[in-house]
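Novice: Sharing a structure with you now.
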Amino acid sequence: MIYKEIGNSGIECSVIALGAWAIGGGPFWGKTDDNESIRTINTALEAGINLIDTAPGYGFGKSEEIIGQAIKGKRDKVVISTKCGLWWKDGRGTPKFELEGNKVNICLRPETIKIEVEDSLRLLDTDYIDILHTHWQAVEPDKTPISETMNCLMELKKEGKIRAIAASNVTLEDVREYMKAGTLDAVQQKYSMLDRKLEDELLPYCRENQIGVLVYSPLEQALLTGRFKKDTKLPADVYRNNIPWFKQGNRERVLDVLDSWEDLTEKYSCSLTRLVIAWTIAQTGITVALCGARHPDQILENAGAAELALDKADISRIRQDITSLGDPVQ
Ligand SMILES: NC(=O)c1ccc[n+]([C@@H]2O[C@H](COP(=O)([O-])OP(=O)(O)OC[C@H]3O[C@@H](n4cnc5c(N)ncnc54)[C@H](OP(=O)(O)O)[C@@H]3O)[C@@H](O)[C@H]2O)c1
Numbered sequence: 014m015i016y017k018e019i020g021n022s023g024i025e026c027s028v029i030a031l032g033a034w035a036i037g038g039g040p041f042w043g044k045t046d047d048n049e050s051i052r053t054i055n056t057a058l059e060a061g062i063n064l065i066d067t068a069p070g071y072g073f074g075k076s077e078e079i080i081g082q083a084i085k086g087k088r089d090k091v092v093i094s095t096k097c098g099l100w101w102k103d104g105r106g107t108p109k110f111e112l113e114g115n116k117v118n119i120c121l122r123p124e125t126i127k128i129e130v131e132d133s134l135r136l137l138d139t140d141y142i143d144i145l146h147t148h149w150q151a152v153e154p155d156k157t158p159i160s161e162t163m164n165c166l167m168e169l170k171k172e173g174k175i176r177a178i179a180a181s182n183v184t185l186e187d188v189r190e191y192m193k194a195g196t197l198d199a200v201q202q203k204y205s206m207l208d209r210k211l212e213d214e215l216l217p218y219c220r221e222n223q224i225g226v227l228v229y230s231p232l233e234q235a236l237l238t239g240r241f242k243k244d245t246k247l248p249a250d251v252y253r254n255n256i257p258w259f260k261q262g263n264r265e266r267v268l269d270v271l272d273s274w275e276d277l278t279e280k281y282s283c284s285l286t287r288l289v290i291a292w293t294i295a296q297t298g299i300t301v302a303l304c305g306a307r308h309p310d311q312i313l314e315n316a317g318a319a320e321l322a323l324d325k326a327d328i329s330r331i332r333q334d335i336t337s338l339g340d341p342v343q
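When the count follows the numbering used here, it moves up by one through the sequence shown with no breaks and lands on 343 for the last residue.
Here it is as structure tokens:
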């Protein structure tokens, strides 16, 4: 495994992390087996992964609770990344979505963040969080100014309840606001070889300002593992149906490009999954790839990508091939 510092936080993280969204189960992900989830977390740690990313919203506390159980007695070996700002306990905030009977609002008021952090500490069974992200950024009508949110996060850091401050799903303007009010250690953004918007302005800004960049959905929810074939029918309700690249027509084009890399998987004696993750973490400015998994074999497969050093020419070829796809048809 390879480890990198998150910004200037002093926290060293594995470049491949375990994303624990699916571990929370729920309507996007269907049934999860909690014992299998615990085995997945332990397998990740044994493979050298030390960063686990979760959020209170993943299974409405379930993901954090499972992590707390799995890491009992090993707290010092784990970097826990969780989030705040999706709030369903009362009507404070701005409506975002409704799920399993919960009306979920975006709320980044200091008083709700403090409650969320206490809840996360209890569920994770720990007395500190390594990296706390604001999950989604506040919007009108209940838009807490970023400076107020940041003051609260800095207070939590001073109290030792969190070690690093991060923000997710941000614009460059948001990041500038956070930086005006304090030090942002990391951002967490969507990024995969099929979706490289992050490269336009945020990635260069973060590099210049020593802000760590954690990227989510690098496997495009397993489309880039080649597991979903051209004719695989997705059940009607799964989240994957909302991703344009999964749609018939678009999916075939992606799979044809993946097939054309057979010589590369042979050259590196690796799976497609490892090739894709290795390419992702080789991109300048990317600190960590957050790979979701809820089965031990998946996380072992993903962790192995850290050992793969791709030649520059192959990295460029992959970029060229994937760029030739253009945008998905909506
Ligand atoms: N900040 C945010 O707003 C945000 C948003 C999304 C995600 N995230 C974070 O990023 C993490 C990863 O993102 P993601 O879950 O959206 O996408 P992802 O990592 O692209 O895909 C994860 C899914 O791919 C499948 N998979 C994983 N490894 C595999 C392997 N080796 N072979 C075959 N299939 C494999 C699994 O699906 P099955 O479980 O169906 O087998 C897994 O749940 C999340 O867990 C979460 O921590 C953050």
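Glycine included, C-beta positions come from ideal geometry on N, C-alpha and C.
Could you check what DSSP says for tryptophan 292 in three-state terms: helix, strand or coil?
Specialist: Against the sequence shown, residue 292 aligns to sequence position 279. Note: tryptophan 292 maps to helix in three-state DSSP.
Novice: Mind the definition here: the region 54 to 68 touches the region 113 to 122 only if three or more C-beta pairs lie below 8 Å; say whether that holds.
Specialist: Result no; under three Cβ-Cβ pairs closer than 8 Å.
Novice: Three-state secondary structure (DSSP) at valine 91?
Specialist: In the sequence shown, counting from the first residue as 1, residue 91 sits at position 78. Three-state result, valine 91: coil.
Novice: With DSSP as the reference, label tyrosine 407 as helix, strand or coil.
Specialist: With the chain covering 14 to 343 only, the question about residue 407 has no answer from this structure.
Novice: Indicate, with yes or no, if ligand 1 has a heavy atom lying under 7 Å from the CB of arginine 307.
Specialist: For this step, residue 307 is matched to residue 294 along the sequence shown. Correct: arginine 307 has its Cβ closer than 7 Å to ligand 1.
Novice: Within its chain, find whatever has a CB closer than 7 Å to the CB of glutamate 161; leave out the 5 residues flanking it on each side and keep chain order.
Specialist: Working through the sequence shown from its first residue, we reach residue 161 at position 148. Same-chain partners within the cutoff: Pro123.
Novice: Run the proximity test for tryptophan 258: is its beta-carbon closer than 7 Å to any non-hydrogen atom belonging to ligand 1?
Specialist: Taking the sequence shown and counting its residues from 1, one reaches residue 258 at position 245. Result no, Cβ not under 7 Å from ligand 1.
Novice: Buried or exposed: threonine 245, going by 16 or more other Cβ atoms within 10 Å of its Cβ?
Specialist: Walking along the sequence shown from the start, residue 245 turns up at place 232. When all chains shown are included, threonine 245 counts as exposed.
Novice: Report the rounded CA-to-CA distance for lysine 102 versus glycine 195, giving the unit in angstroms.
Specialist: Translated into the one-based positions of the sequence shown, residue 102 becomes position 89. Translated into the one-based positions of the sequence shown, residue 195 becomes position 182. So the alpha carbons of these two residues sit roughly 29 Å apart.
Novice: Identify which residue in Lys96, Arg176 and Asn263 has its Cα closest to the Cα of glutamate 18.
Specialist: Locating residue 18 in the sequence shown gives position 5, where the first residue counts as 1. Among Lys96, Arg176 and Asn263, the Cα nearest to that of glutamate 18 belongs to Arg176.
Novice: Considering only residues of the same chain and omitting the five flanking positions on each side of glycine 37, which have a CB-CB separation below 6 Å?
Specialist: Within the sequence shown, numbered from 1, the residue matching residue 37 stands at position 24. Here the set comprises Tyr71, Gly72, Lys75 and Ser76.
Novice: When you compare each of Gly43, Pro231, Trp258 and Gly225 to phenylalanine 241 by their alpha carbons, which one comes out closest?
Specialist: The sequence position of residue 241 within the sequence shown is 228, counting from 1. Among Gly43, Pro231, Trp258 and Gly225, the Cα nearest to that of phenylalanine 241 belongs to Trp258.
Novice: Grab me the residues of isoleucine 54's own chain with a C-beta within less than 6 Å of its C-beta, minus the 5 sequence neighbours each way, in chain order.
Specialist: One-based indexing of the sequence shown puts residue 54 at position 41. Cβ neighbours of isoleucine 54 beyond the five flanking positions: Ala83.
Novice: Alpha carbon to alpha carbon, how far is valine 91 from aspartate 155?
Specialist: The sequence position of residue 91 within the sequence shown is 78, counting from 1. The sequence position of residue 155 within the sequence shown is 142, counting from 1. Using only the alpha carbons, I get a separation of about 35 Å.
Novice: Report the rounded CA-to-CA distance for leucine 341 versus proline 248, giving the unit in angstroms.
Specialist: The residue you call residue 341 lines up with position 328 of the sequence shown. The residue you call residue 248 lines up with position 235 of the sequence shown. Inspection of the sequence shows that residue 341 is occupied by proline rather than by leucine. Roughly 21 Å between the two C-alpha positions.
Novice: State the DSSP-derived secondary structure class of tyrosine 218, mapped to helix, strand or coil.
Specialist: Position 205 of the sequence shown, counting from 1, holds the residue named residue 218. Helix, per DSSP.
Novice: Cβ of glutamine 150 within 7 Å of any heavy atom in ligand 1?
Specialist: Along the sequence shown, read from residue 1 onward, the residue named residue 150 stands at position 137. No, since every heavy atom of ligand 1 falls outside the 7 Å radius drawn around the Cβ of glutamine 150.
Novice: Mind reading off the beta-carbon distance from isoleucine 159 to glutamate 190? Whole number of angstroms is fine, and I expect it under 8 Å.
Specialist: Here residue 159 refers to the residue found at position 146 when the sequence shown is read from its first residue. Here residue 190 refers to the residue found at position 177 when the sequence shown is read from its first residue. Contact flag correct, Cβ pair sits at about 4 Å.
Novice: Mark lysine 171 as exposed unless 16 or more other C-beta atoms lie within 10 angstroms of its C-beta, in which case mark it buried.
Specialist: Counting from 1 along the sequence shown, the entry for residue 171 is found at position 158. It is exposed - the Cβ of lysine 171 has fewer than 16 other Cβ atoms within 10 Å.
Novice: Mind checking which residues open and close the beta strand (DSSP E) that includes alanine 199?
Specialist: Along the sequence shown, one-based indexing puts residue 199 at 186. Here the beta strand (DSSP E) through alanine 199 covers 199 to 203.
Novice: Quick one: grab the DSSP three-state call for glycine 305.
Specialist: Here residue 305 corresponds to residue number 292 of the sequence shown, with the count starting at 1. If DSSP states are grouped into helix, strand and coil, glycine 305 belongs with the strands.
Novice: Measuring only from the beta carbon, is glycine 32 closer than 7 Å to any heavy atom that is part of ligand 1?
Specialist: Position 19 of the sequence shown, counting from 1, holds the residue named residue 32. Because some heavy atom of ligand 1 lies under 7 Å away, the Cβ of glycine 32 counts as near it: yes.
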